[in-house]
Each structure stands twice: as structure tokens, then as C-alpha cells.
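Enquirer: Okay, so the sequence shown: first residue is 63 according to the working numbering, each after it adds one.
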Amino acid sequence: ITRTILPYIYAEEPVRGFGDHEGLGDTLQTFFLSPKEPVHGWILGAGPAIQWPTSTDDALGHGKVGAGPTAVMLRQEHGFTYGALVNHVWSFAGQGDTPNVNNTFLQPFVGYTTKKYTTFTVNTESTYQWEQQEWTVPLNFELQQLLKIAGHPVAFQVGYRYYAAKPDGG
Numbered sequence: 063i064t065r066t067i068l069p070y071i072y073a074e075e076p077v078r079g080f081g082d083h084e085g086l087g088d089t090l091q092t093f094f095l096s097p098k099e100p101v102h103g104w105i106l107g108a109g110p111a112i113q114w115p116t117s118t119d120d121a122l123g124h125g126k127v128g129a130g131p132t133a134v135m136l137r138q139e140h141g142f143t144y145g146a147l148v149n150h151v152w153s154f155a156g157q158g159d160t161p162n163v164n165n166t167f168l169q170p171f172v173g174y175t176t177k178k179y180t181t182f183t184v185n186t187e188s189t190y191q192w193e194q195q196e197w198t199v200p201l202n203f204e205l206q207q208l209l210k211i212a213g214h215p216v217a218f219q220v221g222y223r224y225y226a227a228k229p230d231g232g
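(1) What does a CB cutoff of less than 6 angstroms around tyrosine 190 pick up in its chain, not counting 5 residues either side in sequence?
(2) Using only CA atoms, which one of Tyr70, Lys210, Tyr144 lies nearest to leucine 90?
(3) Taking 8 angstroms as the limit between beta carbons, can you name the residues of its chain near glycine 145, skipping five residues before and five after?
(4) Classify arginine 111: buried if its beta carbon has 16 or more other beta carbons within 10 angstroms, exposed otherwise.
(5) Figure out for me which residue from His140, Tyr72, Val151 has the closest Cα to the Cα of glutamate 193.
(6) I want to check one thing, is the minimum distance from the CB of glycine 85 to the heavy atoms of the ligand FMN below 7 angstroms?
(7) Among Gly213, Thr180, Asp230, Pro229, which one has its Cα closest to the Cα of valine 220?
(8) By Cβ distance, which residues of its chain are closer than 7 angstroms to proline 115, with the 5 residues on each side in sequence left out?
(9) Over what stretch of residues does the beta strand (DSSP E) that includes asparagine 162 continue unbroken?
(10) Just to confirm before moving on: does the CB-CB distance between leucine 201 and threonine 186 stay below 8 angstroms?
(11) Over what stretch of residues does the beta strand (DSSP E) that includes tryptophan 114 continue unbroken?
Have a look at this one:
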């Protein structure tokens with residue numbers, strides 16, 4: 063199983079200098095090996111995570127290649143989906159004035175889907191940056207509705223994000 067995140071970022075001043083910054087961030091690609099069937103009701107996966115320096119603005123990425131372990135575990139029952147995704151990435155190549163990458167990512171989540179395919183989700187996408195010794199802890203609240211349009215499934219989603227912790231200027 064693969065999961066690729068290529069973020070588009072709009073960051074207002076101040077971020078590593080002056081002015082606003084907009085563009086692509088670094089890509090995080092994860093690869094999970096997973097048993098064919100759930101283990102005691104849990105869907106499990108583990109493998110490598112690789113960070114690629116794909117940012118279009120120096121302020122939006124690290125300019126370094128990184129790698130580390132990743133794992134996911136989740137369970138689905140009675141309309142609920144809950145579990146956690148974790149990874150840790152260390153940089154090992156690349157140039158630039160940015161600090162080395164040494165980040166832990168924690169994403170516990172819980173969602174509930176109704177019989178009419180409305181989903182309510184709460185999660186956090188917390189990152190601890192070991193080099194700077196700083197947490198970023200956004201709390202995400204999302205509402206999604208799945209519909210069929212011309213026989214095709216289409217999802218509409220809205221959400222709210224609150225930062226429980228963030229670095230100065232974050």
C-alpha cells in the first residue's frame with residue numbers, strides 16, 4: 063500500500079524570512095506492507111517513509127532527502143473507524159541552510175459514518191521536531207458527505223483546524 067503527500071502550502075509572514083510564501087512543499091511517500099486479513103480485528107501496516115525535496119520555495123521545505131519507519135493500525139466497526147498513523151523521518155542527504163530533518167509524526171484519528179454516508183472525523187496531525195524541540199499540534203474537525211452524481215461517488219468535505227501548539231511564527 064502506498065500513500066503520497068505532496069502539500070500545497072500558503073504561509074503568511076513570518077516564515078523563514080520576510081513576506082508570504084506559496085507553493086509545493088516536500089513530498090512524503092510511505093509504503094506499507096500489510097497482512098491480507100485483519101489481525102484480531104485490526105488492519106495493520108508497516109514499512110518505510112521517504113521524504114523528497116520537492117518544495118518550490120526554500121521557505122516551504124527542507125531541501126533534504128529523508129527516510130525512516132512508518133506504521134498504521136486501524137479498526138472499523140459499527141460505523142466507527144479509529145486508529146493511528148505514525149512515522150519518523152531523519153534527513154541523510156541534501157544541501158541548504160535549513161536544519162536537518164528529525165521529525166516524529168503522530169496521527170490518532172476517530173471517525174463515524176452514518177447510514178446516509180455522512181462522516182464526522184476528529185484527528186490530530188502532530189509533529190515533534192527534535193532539532194528545534196518544538197511541537198506542532200493541529201486538531202482537525204471534519205464533516206464529509208458522500209453522494210452519487212451521475213452514478214459516480216463524489217465526496218464533499220469541510221473542516222476546521224485549531225492549533226493546540228505551534229512554534230513561534232507558525
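Even glycine gets a Cβ: it sits at the ideal position worked out from N, Cα and C. In this text the structure is predicted, and so the values were computed from the model without any measurement.
Expert: Walking through what the data contain:
(1) Within the sequence shown, residue 190 is the residue found at index 128, counting from 1. So the list reads Thr166, Trp197, once near-sequence residues are dropped.
(2) The sequence position of residue 90 within the sequence shown is 28, counting from 1. Among Tyr70, Lys210, Tyr144, the Cα nearest to that of leucine 90 is on Tyr70.
(3) Position 83 of the sequence shown holds residue 145. Excluding residues within five positions, the ones whose Cβ falls inside 8 angstroms are Trp104, Ile105, Val134, Met135, Leu136, Arg137, Pro170, Phe171.
(4) The sequence position of residue 111 within the sequence shown is 49, counting from 1. Checking the sequence, you will find alanine at residue 111 rather than arginine. It counts as buried.
(5) In the sequence shown, residue 193 corresponds to position 131, counting from 1. Comparing Cα positions, the closest option is Val151.
(6) In terms of ligand content, the structure shown is empty, and the ligand FMN therefore cannot be addressed.
(7) Mapped onto the sequence shown, residue 220 falls at position 158. Ranking Gly213, Thr180, Asp230, Pro229 by Cα distance to valine 220 puts Thr180 first.
(8) For this step, residue 115 is matched to residue 53 along the sequence shown. Only Asp88, Gly123, His124, Gly125, Lys126, Val127, Gly156 meet the Cβ criterion.
(9) Taking the first residue of the sequence shown as 1, we reach residue 162 at position 100. Looking at the DSSP string, asparagine 162 is not in any beta strand (DSSP E), and its letter there is neither H nor E.
(10) By one-based count along the sequence shown, residue 201 stands at place 139. By one-based count along the sequence shown, residue 186 stands at place 124. It is a contact, given that the beta carbons lie within the stated cut-off.
(11) Your numbering for residue 114 matches position 52 in the sequence shown. Where tryptophan 114 is concerned, the enclosing beta strand (DSSP E) stretches over 105–114.
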